[in-house]
Structure formats: C-alpha cells, structure tokens
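What follows is a short report on a single structure.
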Amino acid sequence: MARFTLPRDLYHGKGSLEELKNLKGSKAIVVVGGGSMKRFGFLDKAVGYLKEAGMEVELFENVEPDPSVETVMKGAEAMRKFQPDWIVAMGGGSPIDAAKAMWAFYEYPDVTFEDLCKPFNFPTLRQKARFCAIPSTSGTATEVTAFSVITDYQKGIKYPLADFNITPDVAIVDPELAEKMPQKLTAHTGMDAMTHAIEAYVSTLNCDYTDPLALHAIKMIHELLKKSYDGDMDARDHMHNAQCLAGMAFSNALLGIVHSMAHKTGAAYSGGHIVHGCANAMYLPKVIKFNSKNAVAAERYADIARFIGLKGNTTAELVDALIAELRAMNVSLNIPMCIKDYEGGIIDEKEFLEKLPTVATLAIGDACTGSNPRIPTQEEMEKLLKACYYDLEIDF
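Following my numbering, the numbering of the sequence shown begins with 15 at its first residue and continues without gaps.
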C-alpha cells in the first residue's frame, strides 16, 4: 500500500491571495521572512483579507533564510501566547518551513526536536490550528509538501523534517507574489524545482500518481525557466505552477541523494552557506551519472530525455544528453558547475577536504537517501562530493 497526500484546497492564479478572506476562524498568526512581503504590499493585503474574515491577526516576522532551531522555538512560544486557530505562512520556503515546525511545538510543547527529526514521527496536528501556506518563490513547493528543512547552526547541519501531518490544509499559489523574485533567486529556485521533479521520477517510491506530475513539471521548467530568468512574466507565472506540480510529485514519491548532499553541505563550511537550489543544480548532473549505473534508474532518466525532446540512440546516450542539457541550463542561468567556483570560491578547499568524511556520513544518513535508486557507500559518497567540488567525471 502507498499513500498520496495533498492540501485539502489549493487556490491558484492571479488574485488568489484574496481567498484568505474566506477562511473560517477567530485568530490568525502570519509568519513571514525578511521583509519582501511587506515591501511589496502583500503582507498588508493578507492581513486585510484575514481581518475581513473576522479574525484577530498577529505577525511573526523576520524568519531568516535557512531557518534555525532557535527561530522555530521563538515562533512556537509566540503561538502559545496568542493561541491562533490559523497559521498563515507566506514568503519563500524558509518562513513556511519554519512555521510548519512551529506548529508542532505550539500544539505539543513537550515534544523534542530530536523526536521530530525521525521521519514520519510527528504527533497528530490540527488539535489547535490549521495551516495555510502562500509561496512567493517558485522552487521549494513547501506549500504542498510533507517536508520542512530546519538548520542547527551550532552543529552545522540541516535537518529535513518529514511527516504527512505538516502538509498544509490550504495552499494559495498566487503568481503575483513570484513576479517580484530577483533574477538569481529565480535561477536557484527554478533548478531546485527541476531537481524535485527529476528525483521524484527516479525515486524508488515513484508511482502512477506521481509520474505524470513529475514529467509535466520537468517539461514546463525546461521550457520556461530561462524565459522566467530573463524577465518574461508570463513564463514566471507558469513556473509558479510548475514548481508546485514538482512538489506534489516529490512530497509523495520522496527524493534522493542530490538533496541529501545539499542538506549536509549547505551549512557545513565557515566560508558561507551554499544556497540550497544552487547546490541542487550543481550536484544533479553528477548524481544522475552515478545513479545511471542502476538499470531501472537509467531507463527513467532516458524517459525524461525523450519527454523533453533530447536525442540519443541508446539509454546511455539519452542519459548523457540529459546531463549535458542540465549543465547547459546551469550555464544559461549563471550557476557554477562546482562547489570550488561557488560565489568566487568561498568554500575553502582545505576545510572541504577535512570535513569530507563527516559530511559524507551525514549525507548517507539523510532522510532523502533511502528512496534514491542507488545507495552509495561511504567511499562512493566521498568521491561524489569531491566530484561536485572539483567538477570531476563520475566513473564509479
């Protein structure tokens, strides 16, 4: 038996933010990030609609990129004081992910973070509040997923939390919010969405319900991302849908080791964070080559290549064509090919090599590894990460 879970309601299209005024409740807490939602007027609109719905509204602002355990705890405490029956999270993946974790600690003050880190181990939510997610970026799809990523900065580790309990009740996918994304964010979030769709399609948990969502998302992203990056707002609007479709796929089929590696390298180095979407973009071609040693995975990568119109006479040629196409997309989006070139070389080579065994071990143990079509050994994961640092060929 398998399970397929999505939000109860998904509102999409321009102006769908207005649906907030139809929510039924008495109190709503709005969780937002660093200010873009306020700066562009979307926060005021959301608060106004919630007040039209007859709710008392409180804000929890300034959730940082890659939200921390500390921020989650502060937000949960604010919720316990205010006692909302709606949690409304809006912005990029960070405030929505943070709000999902806050939700658990709000309803269960005695639960521990260690408990929540165990996959599919959340207590039953919706005892006090329901959850509405409103994304402003076109990548994470956290508005439709059973996942949240929280960072423990003291340990330098990103934790992917996973439980169908944290799939939002309502998702509002209004493309007007995504039209304000800067170019670099458009590139990184777009390739994050591409990675979601590809990993979902080759996951060992793929099924008839997830495959069409993944394939259509891949085709849309392949056709639209560069146009969106270049400022085509019609393409930008459709990318907002594409990333959501990719999220529907991966929330149910799960992911693979591209994400395992991105989670564990993201906050591991003193030189700076590796932005999640950019990490995925750099690692994806390497992981495809590694996974293609698995015959079933290779055929599914070949399916993707055919579906987006790439040429090849054999499965191997189609896999290589897909890898080449993804690398070409990265070039067109000004995404580096390897960690060594990331942001002008901020990840120190010596530190990377010193931490390599530990990071590799953590990546293998990541929640996303189990559904990858090929499980790497410690030695193979270290070689994969080195290949991603230096842009080396994968021949193992």
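Backbone N, C-alpha and C define an ideal beta-carbon position, used for all residues, glycine too.
Given that a residue counts as buried once 16 or more other Cβ atoms are within 10 Å of its Cβ, and exposed if not, what is Gln168? Classification for Gln168: exposed.
In chain order, each alpha helix (DSSP H) run of at least 4 residues that lies wholly inside the stretch 188-213: 189-192
Report the three-state DSSP secondary structure of Lys300 (helix, strand or coil). helix
Quick one: measure Cβ to Cβ for Tyr356 and Val333, integer angstroms, because I've assumed they're closer than 8 Å. At roughly 25 Å, the Cβ-Cβ gap does not stay under 8 Å, so Tyr356 and Val333 are not in contact.
Segments of 4+ residues assigned as alpha helix (DSSP H) that fall wholly inside the stretch 100-130: 107-121
What is the DSSP secondary structure of Asp334, reduced to helix, strand or coil? helix
Does the beta-carbon of Asp248 have 16 or more other beta-carbons within 10 angstroms, so that it is buried, or is it exposed? With fewer than 16 Cβ atoms within 10 Å of its Cβ, Asp248 is classed as exposed.
Hey, is Leu130's beta-carbon within less than 9 Å of any beta-carbon in chain C? The structure shown contains no chain C; it is built from a single protein chain.
Using the beta-carbon count (16 or more within 10 Å), is Cys292 buried or exposed? Buried.
Going by DSSP in three states, Ile389 sits in which element: helix, strand or coil? coil
Quick one, are the C-beta atoms of Asp111 and Ser50 less than 9 Å apart? Remark: C-beta atoms of Asp111 and Ser50 do not approach each other more closely than 9 Å.
Beta-carbon contacts of Glu237 that lie in its chain and below 6 Å, excluding the five residues immediately before and after: The beta carbon of Glu237 sits closer than 6 Å to no other beta carbon from its chain once the five residues preceding and following it are set aside.
Counting beta carbon pairs with one atom in the stretch 346-356 and one in the stretch 195-208, are three or more of them shorter than 8 Å? yes
How many Å lie between Gly285 and Glu365 at the Cα? 9 Å
When we look at the beta-carbon of Met15 and count the other beta-carbons within 10 Å, is it buried (16 or more) or exposed? exposed
Run through DSSP, which three-state label would Asp177 get? coil
Less than 9 Å separating the beta-carbons of Thr85 and Ser265? Contact annotation: Thr85 and Ser265 have beta-carbon atoms that are not nearer than 9 Å.
Do Val187 and His254 have their CB atoms nearer than 9 Å? yes
What are the boundary residues of the beta strand (DSSP E) that includes Lys28? Run containing Lys28: none; DSSP gives neither H nor E here.
Three or more beta-carbon pairs under 8 Å between the stretch 138-152 and the stretch 99-110, yes or no? Pairwise C-beta distances place the stretch 138-152 in contact with the stretch 99-110, as three or more of them are shorter than 8 Å.
If you run the structure through DSSP and keep just helix, strand and coil, what is Ile164? strand
Boundaries of the alpha helix (DSSP H) in which Cys146 is found, first to last residue: From DSSP, Cys146 is part of no alpha helix (DSSP H) but of the beta strand (DSSP E) over Arg144 to Pro149.
Return the bridge partner residues of Glu33 from the DSSP annotation. Its beta-bridge partners do not exist; DSSP assigns none.
Per DSSP, Glu73 forms a beta bridge with which residues? Note that residue 73 corresponds to Leu in the displayed sequence, not to Glu. BP columns for Leu73 point to Val44.
Provide the residue span of the alpha helix (DSSP H) that contains Ser242, from first to last. Asp225 to Tyr243
CA-to-CA distance, Lys194 to Thr329, given in whole angstroms: 40 Å
According to DSSP, what are the bridge partners of Ser152? Answer by DSSP bridge pairing: none, since Ser152 is not bridged.
Quick check on the DSSP output: the alpha helix (DSSP H) that includes His254 runs from which residue to which? Met247 to Ala267
Nearest by alpha-carbon distance to Val310: which of Leu24, Asn220 and Met93 is it? Residue nearest to Val310 within the set Leu24, Asn220 and Met93 is Asn220 (criterion: CA-CA distance).
DSSP has Ile186 in a bridge; who is on the other side? Tyr25
Closest residue to Val272 among Ala67, Asp409, Lys59 and Ala377 (Cα-Cα distance): Ala377
If you compare alpha carbons, which of Ala342, Leu398 and Asp80 is closest to Leu239? The alpha carbon of Leu239 has as its nearest neighbour, out of Ala342, Leu398 and Asp80, the alpha carbon of Ala342.
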